[in-house]
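Residue numbers (this note's numbering), protein chains in the order written: chain A, 13 to 327; chain B, 22 to 529. First the structure, in the form of structure tokens, and then the observations on it.
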Amino acid sequence: MKPSSMPLRASAVNFVRDRITYVIFLAITLYFVLFAPHFASISTASAVLRITAIVSAMAIGMTFVIICGEIDLSVGSLASFSGMIAALMLDQNVPTYVAAILVLGAGAAIGATSGILVTKLRIPSFLVTLGMLSIFSGLALTITGTRPVSIVDDDFSNLFWNGSFLGVQAPIWWTVVLTAGGYYLLHQMPYGRRVYATGGNAVAARFSGVRTDGVKIFAFVLSGMTASLAGMMLAARSTAGNPSLGAGLELDVIAAVIIGGTSLFGGYGSIVGSVVGAIFIGILGFGLLVLGLSTSIQEVIKGAIIIIAVSLNRR
Amino acid sequence: MADRYVELKSVSKSYGGVPALTKVDFRCEPGRVHAILGENGAGKSTLMKLLAGVIQPDSGTISIGGQTVRFSSPREAAEQGTVCMFQELSLMPHLSVGDNIVLAAPRTRMGLVERGVYREAREALDLVGASSIPLGARVSGLSLSERQLVEIAKAVFRKPKLLILDEATSALTSELVETVFGVLRMLKAQGVAILFISHRMHEVDAIADRISVFRNGRHIETFDVGARTTDQIVGLMIGRSLEELFPPRRPPVPDTTPAVLDVSDVSWQSQLVNVSLAARAGEIVGLGGLDAQGQQQIMHAVFGVLRGVTGRIELNGKRLNGLQPPRLKQSDIGLALVPEDRKTEGLIPSMSVALNMRLAALGRAPFGLLDLNGNSDARLRQLIERLALTYGSLEDPVATLSGGNQQKVVLAKWLVLSPKCLLLMDPTRGIDLGTKAQIYRLLTDLAAEGMAVILQSTDYEELIHLCDRVYVFYRGSVAKELKGDQLSADALIAASMNVHLHARAQMS
């Protein structure tokens, strides 16, 4: 054995190990390209990106919460609730942009409430947001007595789903804008450093003069706002506020973040990873659909692949 | 009896190409306390881990009583009677003291833990002088030194044949150390072989029969206690003399200099009672005493991490009561704290060396862009040089550094802010002599530059040789202030136990 070849091979192995989810991701995409009919096309790519925009948006907010060492289970029902109040406001002829901003504000306020309950009352975030999940899925159903509210406002539909700009569709723009914003906030700004510090060791962070409670509360605010935004995208897509549109989405969102390499125990993670995780889940769902598998068996395969990806990605 | 010894022949071990031990020959005998000395990185911990079965040698043999052994797990080593107490405490915080002790050897009858086992656990606790700790107490509610006693009781409970203590006395006050030494002497008389690792030279002198010095992964020399002077031993370890450990005394700061930090009548719950103390610019002020007499709490009270503190805390005339660390570290106040426990309070282990050093100096504005090549980084580079930080890359996780270098990172994190008053809580615990000397030199230099330094320490040498004045705490208040010629080990110990006021009560 040549002595010089060892470190090179070892570092190549490490390189692959560190990016094992990307390797699996590429392998599965390649499989679909080869075996799923008409998979390798621009229209497939843009369809997948549009489908995943909703999970991507929520995953970006969730990444901050999970790196802080917390969890937000309420994002799915918060998205349904946001879609409903957006539809109701538009129904009352509230101007499109005012409605959108009010919905985002509501998401921020709900996130702040979760954050305050977690930090000030020291209730585990799993329980606080589990409660929030129940409250907002119930409220979304109650407002109209489970009836969907249709949206006829074209501006709203164009802004969040149907429109396009420079030939790129709105949901893809939202993914790009949120990814860039989240990237700067997490990786380039002091707030992001404080997020990593808080999740890495909250005691040491506090002893270094970091307001860990404030950092966590703001992470929940971000998660609440991205969930509200995702809710409006959902409503625009189906041109109606439907009280059960977001149900169960939190699981896809958390899976996307964890597949993306963020540690469920906090301290590690990245924005780009979470978005890649979301796209991975999207490609998986779409590819299985194109292969003609039933949605029920899709869920089984999706779950298994997620477990495999995460178990190979352990630190 | 005399034939049951542990012997290593030409043992080598390396981690990823970096040698930790090189061709080590070593033996220890029953009924002897054998001290292992060496700086951090000398290979002491690797030696202990080999004996405890945590790791296996790359080459060479380990034999016990003439039989070559190869442990594949700590459990196998334990079955052979090797009991190890590592530097890091290994107790389960949410279990009771009794369960923690019994966990080591859970003898059961029909699937249930035997009753008598708890009686033995009680006896083990009493033996190590921890009779005040109830078996049912939760470990998480105990102080650091109480936990260390439980750890020792756990080792005794397992009836070891070879007992390894790795810095096991580092969190204990001198009084408790004496109790533990009593236990060691008793085990020694029963024929237990004891390996003792400590950075405290006087402890080694007090308990060990033989000393082996390690340096850079090699066994340098073994000799009987008394065969070498302390200076010679230190010379063997690091190649420098003890006088060089502490910098020369500085001229005293005149009493007329106004105080930088002024604490008066501070109380907190029942743990601080009307504490008053002051530190002037250029002074190193020590806080001493037995464990948990309030000297840690007063540091936390000043640094604003305790709620409900009464009294007055002022820094350069600014009132600090009610302010919290994010405010206290601003340059107009300039307060910094190096906390007690590097691993849990000082560092973010998941973050890199560079990010840890930048953490305290992060911009005030939460969303401003990071100033990556700004003034503070230039200052950090100077500090890295000044502190002689040894590191592979600044992007490596901070956990890859040695203990001494980790402490330097915590210091750099705060010094980059140029604080006016620096609070340090036991900053040299478990750190090698070379780094200690560097930290002492640094603190002296900082004081000479006009900083007020407050040093809480469990190391009497440090309080005597480094501090201008020492406040000795007893039951939450300052029992005595010692300065100048009054500073001696005897005076410190007497004041720590408050013998002047409670002579009868303490002695009986």
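Here a beta-carbon is modelled for each residue, glycine too, at the ideal position from N, C-alpha and C.
Short Cβ contact (8 Å threshold) for Gly279(A) with Tyr203(A): Taking 8 Å as the Cβ cut-off, Gly279(A) and Tyr203(A) do not qualify as a contacting pair.
Closer than 7 Å at the beta carbon, the chain B residues around Ala209(A): Chain B residues near Ala209(A): Ile369, Met372, Leu380.
Residue nearest to Ala192(A) in terms of C-alpha spacing, selected from Phe298(A), Ala69(A), Val269(A): Ranking the options by Cα distance to Ala192(A), first place goes to Ala69(A).
Nearest-angstrom Cα separation, counted from Met237(A) out to Ala59(A): One Cα belongs to Ala59(A), the other to Met237(A), and the distance between them is close to 24 Å.
Ranges of the alpha helix (DSSP H) found wholly within the segment 218-276 of chain A, counting only runs of at least 4: The DSSP assignment places 224-249, 261-271 as complete runs of the alpha helix (DSSP H) inside the segment 218-276 of chain A, in order along the chain (cut-off: 4 residues).
Distance between Tyr36(B) and Ser66(B) (C-alpha atoms, nearest Å): Distance between the alpha carbons of Ser66(B) and Tyr36(B) is about 13 Å.
Run of the alpha helix (DSSP H) containing Met207(B), from where it starts to where it stops: Taken as a continuous stretch (DSSP letters only), the alpha helix (DSSP H) holding Met207(B) covers 195-210.
Assigned secondary structure, Gln527(B) (DSSP; H/G/I helix, E/B strand, else coil): Low local confidence applies: a pLDDT of 38 at Gln527(B) is under 50, so the model's placement there is unreliable, with the coordinate-based value given in what follows. DSSP, read as helix, strand or coil, puts Gln527(B) in helix.
Chain B contacts made by the segment 29-50 of chain A, where a contact means CB separation under 9 Å: If the cut-off is 9 Å between Cβ atoms, the segment 29-50 of chain A has nothing near chain B.
Interface partners of Val326(B) on chain A, CB under 9 Å: Contact of Val326(B) with chain A by beta-carbon distance below 9 Å involves Arg218, Phe219.
Those residues which DSSP pairs with Lys18(B) across a bridge: With chain B represented from 22 up to 529, any question about residue 18(B) goes unanswered, as that position is not in the structure.
Interface flag, Gly193(A) vs chain B, CB-CB below 8 Å: So, not an interface residue.
3 or more residues per run - each beta strand (DSSP E) lying fully within the segment 248-330 of chain B: Runs found: 280-289, 293-301, 305-310.
Chain-ordered chain B contacts of Arg223(A) [CB-CB under 7 Å]: Pro347, listed in chain order.
Exposure label - Val35(A); buried when at least 16 CB within 10 Å: Classification for Val35(A): exposed.
The segment 344-362 of chain B touching the segment 293-306 of chain B, judged by at least three CB pairs closer than 8 Å: Taking 8 Å as the limit for Cβ pairs, the verdict is that the segment 293-306 of chain B does not touch the segment 344-362 of chain B.
Segments assigned alpha helix (DSSP H), at least 4 residues, entirely inside the segment 455-485 of chain B: Within the segment 455-485 of chain B, not a single complete alpha helix (DSSP H) segment reaches 4 residues in length.
Classification of Asn295(B) by the beta-carbon crowding that lies within 10 angstroms, buried from 16 upward: Asn295(B) is classed as exposed because its beta carbon has fewer than 16 other beta carbons within 10 Å across all chains shown.
Proximity to Gln200(A) [Cα-Cα], best of Leu383(B), Glu502(B), Arg48(B), Ser509(B): When each option's Cα is compared against that of Gln200(A), the closest is Leu383(B).
Assigned secondary structure, Val123(B) (DSSP; H/G/I helix, E/B strand, else coil): Per DSSP, reduced to three states, the secondary structure at Val123(B) is helical.
Interface partners of Tyr280(A) on chain B, CB under 7 Å: Listed along the chain, the chain B residues whose CB falls inside 7 Å of the CB of Tyr280(A) are Ser371.
Residues, ordered as in the chain, of the segment 129-146 of chain A that lie near chain E by beta-carbon distance below 9 Å: In summary, chain E is missing from the structure at hand, where the protein chains are A and B.
Within chain B, partners of Gly212(A) - CB distance below 8 Å: The answer, in chain order, is Ile369, Pro370, Ser371, Met372.
Cutoff 8 Å: Val284(A) Cβ touching any chain B Cβ: Cβ-Cβ to chain B under 8 Å: no for Val284(A).
Complete beta strand (DSSP E) runs within the segment 29-53 of chain B (minimum length 3 residues, chain order): 39-49, all fully within the segment 29-53 of chain B.
Within-8 Å CB hit, Leu445(B) to chain A: Not an interface residue.
Proximity of Gln101(B) and Ile83(B) at Cβ, strictly below 8 Å: Taking 8 Å as the Cβ cut-off, Gln101(B) and Ile83(B) do not qualify as a contacting pair.
Contact with chain A by Thr7(B), beta-carbon distance below 8 Å: This structure leaves residue 7(B) out entirely; chain B is present only between 22 and 529.
Assigned exposure category for Arg134(A) - 16 Cβ within 10 Å defines buried: The C-beta of Arg134(A) has fewer than 16 other C-beta atoms within 10 Å across all chains shown, which makes the residue exposed.
Cβ-based neighbour list, Thr465(B), same chain, cut-off 6 Å, excluding 5 preceding and 5 following: Only residues of its own chain outside the window of five on either side were considered, and among them Pro268 have a CB closer than 6 Å to the CB of Thr465(B), listed in chain order.
Straight-line gap, Gln428(B) to Ile313(A) (C-alpha atoms, nearest Å): When rounded, the distance between both Cα atoms is 49 Å.
Test: Pro360(B) CB closer than 8 Å to a CB of chain A: Yes, contact with chain A.
C-beta contact flag for Asp489(B) and Pro273(B) at 8 Å: It is a contact, given that the beta carbons lie within the stated cut-off.
Inter-stretch contact at 8 Å, needing at least 3 Cβ pairs: the segment 441-452 of chain B / the segment 405-419 of chain B: Below 8 Å, too few C-beta pairs join the segment 441-452 of chain B and the segment 405-419 of chain B to call them touching: fewer than three.
Below-8 Å beta-carbon distance, Pro107(A) vs any chain B residue: When Cβ-Cβ separations below 8 Å define contact, Pro107(A) makes no contact with chain B.
Local conformation of Gln88(B) per DSSP, three classes: The answer is strand: DSSP assigns Gln88(B) an E or B state.
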